[in-house]
Ligand SMILES: N[C@@H](CCC(=O)N[C@@H](CS)C(=O)NCC(=O)O)C(=O)O
């Protein structure tokens, strides 16, 4: 099947995951129409199929796909000119998948902090964005009013993400470290793994675009301290490869399955700042699994909740309670599967690299049961 029939993306400009899917559609040169979730088709076709409000959603030829990872896989499989977002060589493949998890799941804390904790700088912009994606014709007063409900709902997520008065300095410090490391990387390479985007870039772009490059406070931080990260965001937003600074560079990942040194610096920060959460999450879930949930039963039984329980993670020298995001585990399985498919020599090389970077947990610390996605929801295998 090709994508001759129309492709519709239900998304919104300020939505983190919509940005990830939209960037892929543009870079893959796919003609698509974007609709807001206030479009009547969302209520009549998408909501009944999925059963809860969520964006982005892709609709194509009677197929409805939710979750950006599945959307990108669907388009890579069915598109006429797939990008090839999964590097074929072992180290780059594993690293790109780890970076997708980090972007999708690990950067929520700075993204949500910089969006919601700077009302003086951000409130006007966010109110207009949220109000107008509910009613694009709303005047400022109505937009402000409409935005009240989603704003309150989103702000409620902050404590569950470990964003508190005590942790804010550490969240800002680690985000500034990341910006500096990425800035040094993008001086040498247009994309994370070289001359073309991979799943790593799409994962990281979600939070780095919608929240951290678009909302006024973090946008200014990025523009005034990490110019090349801003340029990469702009590059990921463009429909072409947009890399005039790198003339002559092949449109391919770095040769020889190499991981650039500048990316290793970024990856060590991932190992420092996110790997402990992966370990704590897996430990918690393995404890939870001792109660023996039935195969096929939903991971989250209370549909109003997004997390499975509470875990404690280190943030700087603090131990901070946060929600256990089971979805991270579904994403991690993709790293596990890619690793398990490698031959012994490749596994050994990947292991050496993971150890150097402090990333072993992403491959070797695993839950005792798998999670499947069935009808847009996670269930125990
Ligand atoms: N992992 C999903 C996450 C989708 C998601 O959480 N989308 C947000 C908007 S950016 C949403 O719809 N949130 C509504 C909610 O969780 O109630 C993906 O990659 O698509």
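Residue numbers (the numbering used here): 897 to 1277. We treat Cβ as the ideally placed atom computed from N, Cα and C, and that holds for glycine. The structure displayed is predicted, hence computed values, not measured ones.
Check	Outcome
How far does the beta strand (DSSP E) with residue 962 in it extend, from its first residue to its last?	959-962
I need the boundaries of the alpha helix (DSSP H) containing residue 1257, first residue and last residue.	1257-1260
Just verifying my parser: in three-state terms, what is the DSSP assignment at residue 1271?	coil
From which residue to which residue does the beta strand (DSSP E) around residue 1206 run?	1206-1211
Looking only at its own chain, which residues have a Cβ that is under 7 Å from the Cβ of residue 1257, when we skip the five neighbours before and after it?	1171, 1174 and 1175
Ignoring anything shorter than 3 residues, give me the beta strand (DSSP E) runs that lie fully in the region 1156-1196, in order along the chain.	none
Pick helix, strand or coil for residue 956, following the three-state DSSP scheme.	strand
Give the straight-line distance between the Cα atoms of residue 1077 and residue 1132, rounded to the nearest whole angstrom.	18 Å
In this structure, does DSSP put residue 897 in helix, strand or coil?	Bear in mind that the predicted position of residue 897 carries a pLDDT of just 48, short of 50, making it unreliable; the figure below should be weighed with that in mind. If DSSP states are grouped into helix, strand and coil, residue 897 belongs with coil.
Should residue 1224 be counted as a contact of ligand 2 given a C-beta to heavy atom distance under 6 Å?	Ligand 2 is absent from the structure shown, which contains only ligand 1.
With DSSP run on the structure shown, which of helix, strand or coil describes residue 904?	strand
For a minimum of 3 consecutive residues, which ranges assigned as the beta strand (DSSP E) are wholly contained in the region 985-1022?	none
Where are the beta strand (DSSP E) runs, 3 residues long or more, that stay fully inside the region 1068-1107, in chain order?	none
From residue 902 to residue 927, what distance separates their C-alpha atoms?	8 Å
Residue 1214 bridges to which residues according to DSSP?	1211
Please classify residue 961 as buried or exposed, where buried requires at least 16 other C-beta atoms within 10 Å of its C-beta.	buried
Between residue 1101 and ligand 1, is there a pair consisting of the residue's CB and a ligand heavy atom that are separated by less than 6 Å?	no
Compare the Cα-Cα distances from residue 1221 to each of 1153, 1181 and 1012 and report the closest residue.	1181
In terms of DSSP beta bridges, what is residue 1289 paired with?	This structure does not reach residue 1289, given that the chain is present from 897 up to 1277, and the question cannot be answered.
Can you list the residues near ligand 1, meaning Cβ strictly closer than 5 Å to any non-hydrogen atom, in the order they appear in the chain?	911, 912, 913, 950, 951, 963 and 964
To the nearest angstrom, how far is it from the Cα of residue 966 to the Cα of residue 1210?	31 Å
How big is the Cα-Cα spacing for residue 976 and residue 921?	12 Å
Let's see if you can read the secondary structure: which residues bound the alpha helix (DSSP H) around residue 1044?	1036-1051
Would you report the Cα separation of residue 1037 and residue 1028, rounded to the nearest angstrom?	11 Å
Candidates 933, 1104 and 1184: which alpha carbon is nearest residue 916's?	1104
Residue 1025: buried (16+ other C-beta within 10 angstroms of its C-beta) or exposed?	buried
According to DSSP, is residue 1149 helix, strand or coil?	strand
Bridge partners of residue 1219, per DSSP?	1206
Contact between the region 1135-1144 and the region 1178-1197 is defined here as three or more beta-carbon pairs at a separation below 8 Å; is this criterion met?	no
Whose C-beta lies closer than 7 Å to the C-beta of residue 1266 among residues of the same chain, with five residues either side of it excluded?	1229 and 1277
How many Å lie between residue 1086 and residue 1183 at the Cα?	42 Å
CB residue 845 to CB residue 1023, shorter than 7 Å?	Outside the shown range of the chain, which is 897 to 1277, sits residue 845, and nothing can be said about it.
Residue 933: buried (16+ other C-beta within 10 angstroms of its C-beta) or exposed?	buried
Cα separation between residue 1041 and residue 1107?	21 Å
Thinking residue 1234 and residue 989 are a contact (beta carbons under 8 Å), I'd like their distance in whole angstroms, please.	5 Å
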